[in-house]
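Asker: Taking our numbering, the leading residue of the sequence shown gets 277, the next gets one more, and so forth. Glycine included, each C-beta is placed from N, C-alpha and C at the ideal position. First the structure, then my questions, so here it is.
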Amino acid sequence: MSFASPVFLWYFMPATLLAYWVLPRTWRNGLVAVVSLVFYTWGAGPYTFLLLSAIAVNFAAGLLIDADRFADRPGFRRSVLWGAIAWDLGILAIWKYAGFASRQVDALSGALGLGSSPIVDLALPIGISFFTFHHLSYVVDVYRHSRRAQKSPVQFVTYIAMFPQLVAGPIVRYHEIADQLADTDRNRADDFALGFPRFAWGLTKKVLIADTIAPVADAAFATSGGDMTTATAWLGALAYTLQLYFDFSGYSDMAIGLGLMLGFKLPENFDRPYSAVSITDFWRRWHMSLSRWFRDYVYIPLGGNREGAVKTYRNLIIIFVATGFWHGANWTFLVWGLYHGALMLIERTTGTGRLTAAGPQLVARRALTFLLVVIGWVFFRAQSIGQALMMLRHRFVPSGLGLPEGVAVSLTHTRSVMLVLALLVVLLPGSFVLGRVLETSRSRRAVVTRFAVMAVAGTYAGVLVAAGTFSPFLYYQF
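Here it is as structure tokens:
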């Protein structure tokens with residue numbers, strides 16, 4: 277069930293919010309837990325049992341790790357921790373990567389003349405990467421004594437399965453929300469006033485901008501090598517760059533808005549990433565909840581930057597290999613991760629990742645960073661490394677300014693205007709984030725903007741959803 281679907285907008289969300297307002301405050305977590313499982317079952321069907329099994333294992337592991345009677349048995353606590361981690365990563369490995377691994381083995385077997393080998397063909401459960409990381413965060417936080425283990429199974433299910441962030445984030449580390457789970461004495465009217473404009477803004481970004489641009493990106497990336505031109509390659513890369521940002525940040529805005537309306541403050545996930553002045557800066561602004569998760573649970577435990585340059589570079593490469601493969605079981609994602617890791621190493625060795633910029637230098641560094649990011653998105657979107665290299669070759673080796681028929685047809689007047697307007701996000705001040713302004717600012721300009729988003733843009737986006745002009749969120753596949 278997509279947030280940008282008639283079923284969710286006209287039935288599921290209103291019914292959930294009505295129940296939240298009518299039922300006693302102390303029932304909040306139980307309500308959220310139940311409707312979240314319904315939400316997941318609607319989209320995942322029998323894979324709900326996979327989610328429930330992971331919930332049961334990690335809930336039990338947390339209780340064992342935190343039990344007072346095992347406080348003086350560090351070996352036992354560590355064994356339970358690693359057992360839970362093995363279970364979580366095992367689920368992820370089987371359901372997300374077993375098919376990819378079996379295809380690589382089959383290809384290698386064929387190349388060696390050994391014949392074919394079995395291919396594993398498993399459907400990818402939605403949200404598996406996100407709820408796996410939530411479980412890992414929980415058991416590690418409990419092991420580190422950052423928070424006590426959750427004694428209430430209802431509150432634990434609420435944390436893991438909370439439907440606003442269940443299938444596409446933001447990734448919520450347990451210590452960020454543990455105290456909120458017990459805080460049910462909130463002003464529901466204030467929470468709704470904060471959350472609904474943020475939700476409406478996210479819906480606007482998704483439906484009016486991302487979905488409008490999407491056919492242009494799809495047409496460009498569907499163009500064969502024989503028909504590809506320089507103009508098509510550039511148009512496709514820019515269209516996808518903008519589509520991905522407005523789609524994913526739109527989802528995050530909707531998730532944060534929904535969380536607020538239900539009494540939860542979810543972490544921010546974007547901070548104007550296309551305004552970054554370096555790749556280092558970009559990763560402080562893009563998918564921030566993922567970056568923070570890898571920092572806390574992988575990079576720092578590996579030693580971070582505390583053990584010399586060589587180990588720091590090793591740790592960075594490990595992080596970006598993991599980041600690439602986390603997004604998908606395809607060599608294109610690995611190349612994308614290594615590409616960003618290499619750029620980070622260059623910035624770290626040259627010191628350019630720490631430099632500040634102003635005036636013309638600011639414009640130049642933002643332009644260069646944006647160009648580098650766009651190059652990386654070609655690998656992220658392409659179906660194969662060969663397709664990515666073909667598109668990059670046409671981008672930098674002139675091959676004509678014409679557009680193939682399929683791309684020309686997709687580039688309607690409305691989509692052309694939306695592309696130009698969306699591209700203006702690159703030019704806005706790096707500190708201006710409209711979603712946060714809508715949520716917190718009390719200035720007259722912010723109030724007018726908030727009303728315009730809810731009454732005009734959000735309503736129009738809802739009309740488009742009702743007309744069937746919506747598509748699944750891109751990050752549902754991760």
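How many Å lie between Val-430 and Leu-442 at the Cα?
Answerer: Stepping through the sequence shown from its first residue, residue 430 is reached at position 154. Stepping through the sequence shown from its first residue, residue 442 is reached at position 166. So the alpha carbons of these two residues sit roughly 16 Å apart.
Asker: What is the DSSP secondary structure of Trp-562, counted as helix, strand or coil?
Answerer: Looking up residue 562 in the sequence shown gives position 286. In the structure shown, Trp-562 sits in coil (DSSP, three-state: anything other than H, G, I, E or B).
Asker: Between which residues of its own chain and Leu-511 is the CB-CB distance below 6 Å, once the five residues before and five after are set aside?
Answerer: Here residue 511 refers to the residue found at position 235 of the sequence shown. Excluding residues within five positions, the ones whose Cβ falls inside 6 Å are Ala-496.
Asker: Since I believe Ile-361 is in contact with Glu-396 (beta carbons under 8 Å), could you give me their beta-carbon distance rounded to a whole number of angstroms?
Answerer: Within the sequence shown, numbered from 1, the residue matching residue 396 stands at position 120. Within the sequence shown, numbered from 1, the residue matching residue 361 stands at position 85. Strictly speaking, residue 396 in this sequence is Val, with Glu absent from that position. Not quite, the Cβ-Cβ distance comes to about 23 Å (not below 8 Å), so this is no contact.
Asker: Determine the closest residue to Asp-547 out of Leu-536, Gly-539, Ser-565 and Gly-535, with distance taken between C-alpha atoms.
Answerer: Position 271 of the sequence shown, counted from the start, is the residue given in the question as residue 547. For the residues Leu-536, Gly-539, Ser-565 and Gly-535, the minimum Cα distance to Asp-547 belongs to Ser-565.
Asker: Determine the direct distance from the alpha carbon of Phe-596 to that of His-616, and round the result to whole angstroms.
Answerer: As a first step, residue 616 must be located in the sequence shown, where it is residue number 340. As a first step, residue 596 must be located in the sequence shown, where it is residue number 320. Answer to the nearest angstrom: the Cα atoms are 7 Å apart.
Asker: Note down, one range per segment and in chain order, each alpha helix (DSSP H) of at least 4 residues found wholly within the segment 487-559.
Answerer: Listed in chain order, the complete alpha helix (DSSP H) runs (minimum 4 residues) inside the segment 487-559 are 487-497 and 506-537.
Asker: Check each candidate in Asp-348, Leu-538 and Ser-692 and name the one with the smallest Cα separation from Asp-466.
Answerer: Walking along the sequence shown from the start, residue 466 turns up at place 190. With distances taken between Cα atoms, Asp-466 lies closest to Leu-538.
Asker: Measuring straight from C-alpha to C-alpha, what distance separates Asp-459 and Leu-299?
Answerer: What you label residue 459 is simply residue 183 of the sequence shown in a count that begins at 1. What you label residue 299 is simply residue 23 of the sequence shown in a count that begins at 1. Using only the alpha carbons, I get a separation of about 16 Å.
Asker: For a quick check, are the C-beta atoms of Lys-482 and Ala-280 less than 8 Å apart?
Answerer: Along the sequence shown, one-based indexing puts residue 482 at 206. Along the sequence shown, one-based indexing puts residue 280 at 4. Taking 8 Å as the Cβ cut-off, Lys-482 and Ala-280 qualify as a contacting pair.
Asker: Once you ignore the five residues that flank Pro-440 on each side, which residues in its own chain have a CB closer than 6 Å to its CB?
Answerer: Looking up residue 440 in the sequence shown gives position 164. Only Ala-531, Leu-534 and Gly-535 meet the Cβ criterion.
Asker: By Cβ distance below 7 Å, which residues in the same chain neighbour Phe-468 in space, the five residues on each side in sequence not counted?
Answerer: As a first step, residue 468 is located in the sequence shown; it is residue number 192 there, counting from the start. Closer than 7 Å at the Cβ level, and outside the excluded window around Phe-468, lie Met-537.
Asker: Buried or exposed for Ile-523, please, with buried defined as at least 16 other CB atoms from any protein chain shown within 10 angstroms of its CB.
Answerer: Looking up residue 523 in the sequence shown gives position 247. The amino acid occupying residue 523 in the given sequence is Asp; Ile does not appear at that position. It is buried - the Cβ of Asp-523 has at least 16 other Cβ atoms within 10 Å.
Asker: Assuming Val-702 contacts Tyr-550 (C-beta within less than 8 Å), just tell me the rounded distance between them.
Answerer: Here residue 702 refers to the residue found at position 426 when the sequence shown is read from its first residue. Here residue 550 refers to the residue found at position 274 when the sequence shown is read from its first residue. Rounded, the Cβ-Cβ distance is 5 Å, consistent with contact.
Asker: Tell me whether Ile-593 sits in a helix, a strand or coil according to DSSP, three-state version.
Answerer: Stepping through the sequence shown from its first residue, residue 593 is reached at position 317. Ile-593: helix per DSSP, three-state reduction.
Asker: Alpha carbon to alpha carbon, how far is Leu-313 from Ser-747?
Answerer: In the sequence shown, the residue the question calls residue 313 occupies position 37. In the sequence shown, the residue the question calls residue 747 occupies position 471. Rounded to whole angstroms, Leu-313 to Ser-747 spans 23 Å at the Cα level.
Asker: Buried or exposed for Trp-562, please, with buried defined as at least 16 other CB atoms from any protein chain shown within 10 angstroms of its CB.
Answerer: Mapped onto the sequence shown, residue 562 falls at position 286. Under this definition Trp-562 is a buried residue.
Asker: Residue ranges of each alpha helix (DSSP H) run of no fewer than 4 residues wholly in the segment 652-713, ordered along the chain?
Answerer: Whole alpha helix (DSSP H) segments, 4+ residues: 661-672, 681-686 and 689-699.
Asker: How far does the alpha helix (DSSP H) with Asn-334 in it extend, from its first residue to its last?
Answerer: Within the sequence shown, numbered from 1, the residue matching residue 334 stands at position 58. Looking at the DSSP string, the run of the alpha helix (DSSP H) that includes Asn-334 is 324-342.
Asker: Ala-383: buried (16+ other C-beta within 10 angstroms of its C-beta) or exposed?
Answerer: Within the sequence shown, numbered from 1, the residue matching residue 383 stands at position 107. By the 10 Å Cβ count, Ala-383 comes out exposed.
Asker: Quick one: what does DSSP say Leu-390 is sitting in, helix, strand or coil?
Answerer: Here residue 390 corresponds to residue number 114 of the sequence shown, with the count starting at 1. Coil, per DSSP.
Asker: Between the Cα of Gln-637 and the Cα atoms of Asn-591, Phe-609, Lys-587 and Val-553, which residue gives the shortest distance?
Answerer: For the purposes of this step, residue 637 is taken as the residue at position 361 of the sequence shown. Answer by Cα proximity: Val-553.
Asker: If distances are taken between C-alpha atoms only, which option among Trp-602, Thr-302, Phe-646 and Arg-624 comes closest to Tyr-752?
Answerer: As a working mapping, residue 752 is identified with position 476 in the sequence shown. The option with the nearest alpha carbon to Tyr-752 is Trp-602.
Asker: Between Ala-490, Gly-502, Ala-640 and Val-685, which has its C-alpha nearest Met-694's C-alpha?
Answerer: Here residue 694 is taken as the residue at index 418 of the sequence shown, counted from 1. Residue Ala-490 is the option with its Cα nearest to Met-694.
Asker: Rounded to a whole number of angstroms, what is the C-alpha to C-alpha distance between Gly-501 and Gln-663?
Answerer: As a position in the sequence shown, residue 501 is number 225, starting the count at 1. As a position in the sequence shown, residue 663 is number 387, starting the count at 1. Cα to Cα, Gly-501 sits roughly 8 Å from Gln-663.
Asker: What are the boundary residues of the alpha helix (DSSP H) that includes Thr-756?
Answerer: Any property of residue 756 remains undetermined from this structure, which presents the chain solely from 277 to 754.
Asker: Rounded to whole angstroms, what is the Cα-Cα separation between Trp-607 and Ile-661?
Answerer: Locating residue 607 in the sequence shown gives position 331, counting from the first residue. Locating residue 661 in the sequence shown gives position 385, counting from the first residue. For Trp-607 and Ile-661, the distance between alpha carbons rounds to 7 Å.
Asker: Taking 7 Å as the limit between beta carbons, can you name the residues of its chain near Val-320, skipping five residues before and five after?
Answerer: In the sequence shown, residue 320 corresponds to position 44, counting from 1. In the sequence on display, residue 320 carries Ala and not Val. Closer than 7 Å at the Cβ level, and outside the excluded window around Ala-320, lie Pro-401 and Ile-402.
Asker: What number of angstroms, rounded off, separates the C-alpha of Phe-672 from the C-alpha of Trp-653?
Answerer: Locating residue 672 in the sequence shown gives position 396, where the first residue counts as 1. Locating residue 653 in the sequence shown gives position 377, where the first residue counts as 1. In a straight line, the C-alpha of Phe-672 is about 15 Å away from that of Trp-653.
Asker: Exposed or buried, what is Gly-386 when buried is set at 16 or more other beta-carbons lying within 10 Å of its beta-carbon?
Answerer: Translated into positions along the sequence shown, residue 386 becomes position 110. Answer is exposed; the Cβ neighbour count stays below 16.
Asker: Among Arg-449, Arg-669 and Asn-334, which residue has its Cα nearest to the Cα of Arg-571?
Answerer: Position 295 of the sequence shown, counting from 1, holds the residue named residue 571. Nearest of Arg-449, Arg-669 and Asn-334 to Arg-571, Cα basis: Arg-449.
Asker: Hey, quick one: how far does the alpha helix (DSSP H) through Leu-484 stretch, first residue to last?
Answerer: The residue you call residue 484 lines up with position 208 of the sequence shown. That residue, Leu-484, is in no alpha helix (DSSP H); it is neither H nor E in DSSP.
Asker: Please list the segments of the alpha helix (DSSP H) lying wholly inside the segment 405-429, counting only runs of 4 or more residues, in order along the chain.
Answerer: As far as the segment 405-429 is concerned, it has no whole alpha helix (DSSP H) run of at least 4 residues.
Asker: Taking C-beta to C-beta, are Val-418 and Asp-342 nearer than 8 Å?
Answerer: As a first step, residue 418 must be located in the sequence shown, where it is residue number 142. As a first step, residue 342 must be located in the sequence shown, where it is residue number 66. The answer is yes: Cβ separation under 8 Å.
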